[in-house]
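Novice: Following this message is one structure expressed as structure tokens.
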Amino acid sequence: VVQAGVKGSQTSVFIRGSNSDHVLVIIDGIEMNDPSSPNGAFDFANFLLEDIASIEVVRGAQSVLYGADALGGVIQIRTRKGSGDLKLKARAEVGFNSTHHESLSLSGSTGQLSYGASVGLLKTDGESIATEKRLAPGSDIENDGYDNKVFSAQLGWQASTNLEANLTARYIETDVDIDGGFDWSGNTVEDPDAQNKSEQLYLGLEVKSKLFNGLWQPTLHLTRADIDRENRNARQDPFGTLDETDFSGEKDKISLQNDLYFFDNQLISVGFEYKDEEMKSSGFTDFGGFIIEQKTNADRQTKSVYIQDQITLNEQLFVTLGARYDNPDDFDSETTYRATANYDLNDNARLTASYGTGFKAPSLFQLYGFTPNNFFSAYYGNPDLKPETSKGWEIGAEHVLWNDSVKASITYYESDIEDLITTVFLPSFDSTAINRDEVEINGVETTVNIAASSKIDINLNHTFTRTKDENDDQLLRRPKQKASFDVAFRATDKMTLTSSLLYTGSRYDVDGFGSRIKMGGYSVLNLAANYQINSQIRVFTRIDNFTSKDYEPAYGFQAIGLAGYLGFELVNR
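Just so you know, the sequence shown maps onto residues 627 to 1199 in the working numbering.
This is how it looks when you write it as structure tokens:
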């Protein structure tokens, strides 16, 4: 996870060294990736964890079931569904930098209907996004605030034991102060009134049925994502920059998955999808009287079909085979496939393996986008880009020891990505997207979970990732080493104390001139405590960056320093 600055700053997720746009994010069946963003990725900065039931991370190419955007992996998030009597929950938190975060939710069910709704608000005065040590001499520091409002709702109808429908809606509105990037001397720039605003609307309808005594179980999904972003920057002096640019991304998707239980030891899934994506941009940037206007309108329609067979060969061996055919209207069609195997050595040990291919067409912005950066400098789309393709494999082992008190796993993986799309800076100081010939990625993931006692749980995670392009250069913002060490201590039946130590190794980035630069590693310690006063009231506190570590997750953008928070949660039970 790389957050380019403080709260509200662009937050990207990289899985196994792939690009952030290779990670498909799905919430309640709705694809969240923004067609109008530079690479089509999802910005995690604007997602508040309200009423989350589960988060599942699937690593490696998952194109067979999820399509082209899942070249590197999938993050699937599900929110809680209503059930039983009416349940109300209120939560409030205050902290450093005049931060406050409130949320209110309700859920329940009556007869055949289930329902749920939540509203959340996060507001903070923030800290400066720009790194102070990289500012031009004489520059003043100003804080960059952030507002986030979110509303979500769910309605479910269990028409019968064989038919159900679920309707989901999510609305997000954000306003974040930003700084002005870099000046001609390569220094970061403080900008007191530059802002990015966004409005995001996500809608989803799911209809599930069971036919022929459950032998055929079709699921229909209709989803829509509508994302509007605007950049505003007032002129600071007669020769300063005035920016008024707008971006809009829309994604409509229809999918039908048919799960077939014709055989006792197999689940065959056959699916059909149609996706319509569109991006628009408009507005102008005025560099002291030199005006650059932008106007882009591009779209893509993709038709897809896939099949997957999950086979239980015996009590020990489970195999999955799948293939997918994608037919975008602006590129040649592509077929991808994937095979996996799980073999249980015994009740406590398992071996896993997989091999698969992936495919991703360039984003609409990478192809046709245009954004002024500075005077006589802009990003230009590249309509000659080729789709990215990948092939990769992994092998792993899982083992449970000492009466389930220790669970350990290790996975080795390799992936080759051809025609990887990256942004480069040209001698003219402009930038554009190009295809790399080939990128090689390999690494090892290790996890150990220890129940040290009835009161202490310990989790250790380590990831080693090696990335190499055709010039033997490490990909940007991909550290070779990442690790975490988490401890949870149940001090009493009502109190739990937790600590989390996060380590990120050295990695490469680009400076204000677009040149590669090596960034040092860093460690961050976070602490938290929870106290359950009774069945209805819980209080909690946390301290982020306890040692007040000064570091840059991305060049020129500083992370939040020491910050403490205190809050409570009320639930009617």
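Just so it is clear, CB atoms sit at the ideal spot from N, CA and C, and this is done for glycine as well.
1. Output yes or no for whether 8 Å exceeds the beta carbon distance between residue 1191 and residue 719.
2. Pull the bridge partners of residue 667 from the DSSP assignment, please.
3. Answer with buried or exposed for residue 1175, where buried requires no fewer than 16 other C-beta atoms within 10 angstroms of its C-beta.
4. Whole angstroms is fine: what's the gap from residue 1072's alpha carbon to residue 970's?
5. Candidates 894, 937 and 848: which alpha carbon is nearest residue 881's?
6. For the beta strand (DSSP E) containing residue 981, list its first residue and its last residue.
7. Quick check: what's the CA-CA separation for residue 1138 versus residue 1182?
8. For residue 941, tell me which candidate among 669, 890, 915 and 1010 has the shortest Cα-Cα distance.
9. When you compare only the Cα positions, how much space is there between residue 930 and residue 842?
10. Using alpha carbons as the reference points, say which of 745, 820, 1030 and 674 lies closest to residue 771.
11. Measuring CA to CA, which of 790, 677 and 1106 is closest to residue 835?
12. Could you check what DSSP says for residue 992 in three-state terms: helix, strand or coil?
13. Taking contact to mean at least 3 C-beta pairs separated by less than 8 Å, is the region 1116–1128 in contact with the region 1086–1105?
14. Applying the 10 Å Cβ sphere with the 16-neighbour rule, what's the burial state of residue 1150?
15. Taking three-plus beta-carbon pairs below 8 Å as touching, is the region 724–743 in contact with the region 971–978?
16. Determine the burial state of residue 758: buried for a count of at least 16 other Cβ atoms within 10 Å of its Cβ, exposed for fewer.
17. Any Cβ of chain C within less than 8 Å of the Cβ of residue 923?
18. So, using beta-carbon positions, are residue 899 and residue 921 closer together than 8 Å?
19. Just to confirm, is the Cβ distance from residue 641 to residue 685 under 8 Å?
20. In whole angstroms, what separates the C-alpha of residue 1007 from that of residue 713?
21. Can you tell me where the alpha helix (DSSP H) holding residue 690 begins and where it ends?
22. Mind checking which residues open and close the beta strand (DSSP E) that includes residue 1160?
23. Touching or not, the region 947–964 and the region 906–921, by the rule of three or more beta carbon pairs under 8 Å?
24. DSSP three-state label for residue 758, please.
25. Work out the CA separation of residue 951 and residue 959 for me, nearest whole Å.
26. What does DSSP give as the partner residue(s) for residue 1019 in the beta ladder?
27. Give the straight-line distance between the Cα atoms of residue 654 and residue 794, rounded to the nearest whole angstrom.
28. Which residue marks the beginning of the beta strand (DSSP E) containing residue 1197, and which one marks its end?
29. Using the Cα positions of residue 669 and residue 701, report the straight-line distance between them to the nearest angstrom.
30. Assuming contact is defined by CB atoms lying nearer than 8 Å, are residue 853 and residue 804 in contact in what I supplied?
31. I'd like the list of long-range same chain contacts for residue 1100, defined as Cβ closer than 6 Å, with 5 residues on each side in sequence excluded.
32. What beta strand (DSSP E) runs, 3 residues minimum, are completely inside the region 934–978?
33. Opposite residue 900 in the DSSP bridges: which residues?
34. Which value, in whole angstroms, describes the spacing of the CA atoms of residue 909 and residue 1004?
35. Leaving out five residues on either side along the sequence, give the residues of the same chain with a beta carbon under 7 Å from the beta carbon of residue 1170.
36. Taking Cβ to Cβ, would you say residue 823 is nearer than 8 Å to residue 851?
Specialist: Concretely, from the data shown:
1. For the purposes of this step, residue 1191 is taken as the residue at position 565 of the sequence shown. For the purposes of this step, residue 719 is taken as the residue at position 93 of the sequence shown. Their beta carbons are under 8 Å apart, which means residue 1191 touches residue 719 by this criterion.
2. Reading the sequence shown from its first residue, position 41 is the one you call residue 667. Residue pairing by DSSP leaves residue 667 without any beta bridge partner.
3. Along the sequence shown, read from residue 1 onward, the residue named residue 1175 stands at position 549. When all chains shown are included, residue 1175 counts as exposed.
4. As a position in the sequence shown, residue 1072 is number 446, starting the count at 1. As a position in the sequence shown, residue 970 is number 344, starting the count at 1. Using only the alpha carbons, I get a separation of about 19 Å.
5. In the sequence shown, the residue the question calls residue 881 occupies position 255. 848 is the residue among 894, 937 and 848 whose C-alpha sits nearest the C-alpha of residue 881.
6. Taking the first residue of the sequence shown as 1, we reach residue 981 at position 355. Here the beta strand (DSSP E) through residue 981 covers 975–986.
7. Counting from 1 along the sequence shown, the entry for residue 1138 is found at position 512. Counting from 1 along the sequence shown, the entry for residue 1182 is found at position 556. Roughly 8 Å separates the two Cα atoms.
8. Within the sequence shown, numbered from 1, the residue matching residue 941 stands at position 315. Closest by alpha carbon: 890.
9. Residue 930 sits at position 304 when you count from the first residue of the sequence shown. Residue 842 sits at position 216 when you count from the first residue of the sequence shown. Distance between the alpha carbons of residue 930 and residue 842 is about 21 Å.
10. Taking the first residue of the sequence shown as 1, we reach residue 771 at position 145. It is 820.
11. Here residue 835 refers to the residue found at position 209 when the sequence shown is read from its first residue. The shortest C-alpha separation from residue 835 is found at 790.
12. Working through the sequence shown from its first residue, we reach residue 992 at position 366. DSSP, reduced to helix, strand and coil, places residue 992 within a helical segment of the structure shown.
13. Result no; under three Cβ-Cβ pairs closer than 8 Å.
14. Translated into the one-based positions of the sequence shown, residue 1150 becomes position 524. Residue 1150 comes out buried.
15. With the cut-off at 8 Å, the region 724–743 and the region 971–978 do not touch.
16. By 1-based counting over the sequence shown, the position of residue 758 is 132. Residue 758 comes out exposed.
17. Given the protein chain composition of this structure (a single chain), no chain C is represented.
18. Working through the sequence shown from its first residue, we reach residue 899 at position 273. Working through the sequence shown from its first residue, we reach residue 921 at position 295. Cβ atoms of residue 899 and residue 921: not closer than 8 Å.
19. Locating residue 641 in the sequence shown gives position 15, counting from the first residue. Locating residue 685 in the sequence shown gives position 59, counting from the first residue. In contact: residue 641 and residue 685 (Cβ atoms closer than 8 Å).
20. Here residue 1007 refers to the residue found at position 381 when the sequence shown is read from its first residue. Here residue 713 refers to the residue found at position 87 when the sequence shown is read from its first residue. If I take the Cα positions, the gap works out to 50 Å.
21. Position 64 of the sequence shown, counted from the first residue, corresponds to residue 690. Looking at the DSSP string, the run of the alpha helix (DSSP H) that includes residue 690 is 689–692.
22. As a working mapping, residue 1160 is identified with position 534 in the sequence shown. No beta strand (DSSP E) contains residue 1160, which DSSP labels as neither H nor E.
23. Proximity of the region 947–964 to the region 906–921 falls short of the contact definition, fewer than three beta-carbon pairs being nearer than 8 Å.
24. The sequence position of residue 758 within the sequence shown is 132, counting from 1. Looking at residue 758 - three-state DSSP - the assignment turns out to be helix.
25. Within the sequence shown, numbered from 1, the residue matching residue 959 stands at position 333. Within the sequence shown, numbered from 1, the residue matching residue 951 stands at position 325. The straight-line gap from Cα to Cα measures roughly 7 Å.
26. Translated into the one-based positions of the sequence shown, residue 1019 becomes position 393. According to DSSP, which records beta bridges pairwise, residue 1019 is partnered with 981 and 1040.
27. Taking the sequence shown and counting its residues from 1, one reaches residue 654 at position 28. Taking the sequence shown and counting its residues from 1, one reaches residue 794 at position 168. Residue 654 and residue 794: Cα-Cα distance of roughly 7 Å.
28. Along the sequence shown, one-based indexing puts residue 1197 at 571. Residues 1189–1197.
29. Within the sequence shown, the letter at position 43 stands for residue 669. Within the sequence shown, the letter at position 75 stands for residue 701. Whole-angstrom Cα-Cα distance: 13 Å.
30. Walking along the sequence shown from the start, residue 853 turns up at place 227. Walking along the sequence shown from the start, residue 804 turns up at place 178. Result no, Cβ atoms of residue 853 and residue 804 do not sit closer than 8 Å.
31. Position 474 of the sequence shown, counted from the first residue, corresponds to residue 1100. Close CB contacts of residue 1100 within its chain, under the 6 Å cut and outside five residues either way in sequence, are with 1093 and 1134 (chain order).
32. Taking only runs of at least 3 residues, the beta strand (DSSP E) segments lying wholly in the region 934–978 are 943–954 and 960–972.
33. If you number the sequence shown from 1, residue 900 lands on position 274. For residue 900, the beta-bridge partners assigned by DSSP are 880 and 929.
34. Taking the sequence shown and counting its residues from 1, one reaches residue 909 at position 283. Taking the sequence shown and counting its residues from 1, one reaches residue 1004 at position 378. In this model, residue 909 and residue 1004 are separated by some 14 Å (Cα to Cα).
35. Here the question's residue 1170 lines up with position 544 in the sequence shown. Sequence-distant partners of residue 1170 (beyond 5 residues in either direction) whose C-beta falls short of 7 Å from its own C-beta, in its chain, are 1152, 1186 and 1189.
36. Along the sequence shown, read from residue 1 onward, the residue named residue 823 stands at position 197. Along the sequence shown, read from residue 1 onward, the residue named residue 851 stands at position 225. Residue 851 sits away from residue 823, with the two beta carbons spaced by 8 Å or more.
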